[in-house]
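Worksheet: the structure to be examined is printed underneath.
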Amino acid sequence: MALLEILEFPDPRLRTIAKPVETVDDSIRELIDNMFETMYAAPGIGLAATQVNVHRRIVVMDLSEDQSEPRVFINPEVTVLGDDEAPYDEGCLSVPGFYESVDRPTHIRVEALDRDGNPFTLEPDGLLAVCIQHELDHLNGKLFVDYLSQMKRQRIRKKLEKLHRARA
Ligand code: QAP
Ligand code: CO
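Each residue of the sequence shown is one higher than the one before, counting from 26 in this note's numbering.
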């Protein structure tokens, strides 16, 4: 297994639209294992392949406290099931140190493939529904900061750019 480098906002590579996975083979499963290792090490609860600069439609997630509920979504499709929306304080491994409230639909259906390539359907609620929408956004080149005011987004960008300069 291997730890992968996580791209950080405002890296333009985070704006890449990921391509569908055509065949769920061992190379995809190896990438998934490395994504889990990277997410658990961070630690985080969700990671999209886009964030590790692999532009394929793959998401890993684990909302448990003890790494006991790993979830994989390959080629995920989300359908919004009603008009209800709710706010949640979101964070992101690609926007480290910042949490802001984002409104999203509360009732959704998710269709995806699992790590064996078998299709499944889920009607998640709560944090799982929030997290899936956040991760699907990554596969479409979108970040949670895109939902904030331009002023807030600019503040976050400047602070992260300063951090990146200090690191270099
Ligand atoms: C996405 O985010 C998410 O700022 C997953 O310094 C988060 O795993 C969806 C993390 C909340 C919905 C709600 C963030 C780690 C992890 C940070 C994460 C940080 C270190 C974020
Ligand atoms: Co994120």
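Glycine residues also receive a C-beta, built at the ideal position from the N, C-alpha and C atoms.
Only a predicted model underlies this, so the values are computations on that prediction, with no experimental measurement involved.
According to DSSP, residues forming a beta bridge with residue i
{"i": "residue 133", "result": "105"}
{"i": "residue 146", "result": "136"}
{"i": "residue 113", "result": "127"}
Residue i: CB within 7 angstroms of a non-hydrogen atom of ligand 1
{"i": "residue 67", "result": "yes"}
{"i": "residue 61", "result": "no"}
{"i": "residue 149", "result": "no"}
{"i": "residue 166", "result": "no"}
{"i": "residue 115", "result": "yes"}
{"i": "residue 189", "result": "no"}
Unbroken alpha helix (DSSP H) run spanning residue i, endpoints
{"i": "residue 63", "result": "51-66"}
{"i": "residue 155", "result": "151-164"}
{"i": "residue 191", "result": "175-192"}
Endpoints, the beta strand (DSSP E) within which residue i is located
{"i": "residue 72", "result": "71-73"}
{"i": "residue 86", "result": "83-86"}
Contact test: residue i Cβ vs ligand 2 heavy atom, cutoff 7 angstroms
{"i": "residue 119", "result": "yes"}
{"i": "residue 80", "result": "no"}
{"i": "residue 163", "result": "yes"}
| said: Tell me whether the segment 47-65 and the segment 77-97 touch, counting them as touching only if at least three CB pairs, one residue from each stretch, are closer than 8 angstroms. | reply: Note that the segment 47-65 touches the segment 77-97; at least 3 beta-carbon pairs, one per stretch, sit closer than 8 angstroms.
| query | Touch check for the segment 45-58 and the segment 101-113: three-plus C-beta pairs under 8 angstroms? | reply | As far as the Cβ criterion goes, the segment 45-58 does not touch the segment 101-113, which means the pair count is below three.
| Just checking, does the segment 109-121 make contact with the segment 68-85 on the three C-beta pairs under 8 angstroms criterion? | Short answer: they touch.
| At least 3 beta-carbon pairs within less than 8 angstroms: the segment 120-140 vs the segment 168-180 | Verdict: yes, contact present.
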